[in-house]
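A short worksheet on the structure shown next.
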Amino acid sequence: MEKSIDKDFMNNLTRLRLSAGLSVKELADKVGLSKQIIYNYEAGRAFPKAGKLELLSKALNCEKADFFKS
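In terms of the working numbering, the sequence shown opens at residue 208 and continues consecutively.
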């Protein structure tokens, strides 16, 4: 079973991406990752390391803490 923080991250990443009006491909291009990695983040199959989390927050114009709000 996934931890609550993982579900919060998955849901918030998707919500923030959609709020920014970005497709998975557009977000991937902005942060220099593959679409598959973004899909894996959103599906909970992978979790970004600190450096990638920083890139995601900059690309989505949010704070890193926004990914973990419940």
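Where a beta carbon is used, it is the ideal one built from N, C-alpha and C, also for glycine. Note that the coordinates shown come from a computational prediction; the quantities given were computed from them, not determined experimentally.
- In this structure, DSSP gives alanine 257 a helical state, which the three-state scheme calls helix.
- Residue burial is scored here from C-beta neighbours: leucine 267 has at least 16 other C-beta atoms within 10 angstroms and is therefore classed as buried.
- Boundaries of the alpha helix (DSSP H) around asparagine 247: 242–250.
- Across the structure, isoleucine 245 and phenylalanine 254 are spaced so that their CA atoms are roughly 10 Å apart.
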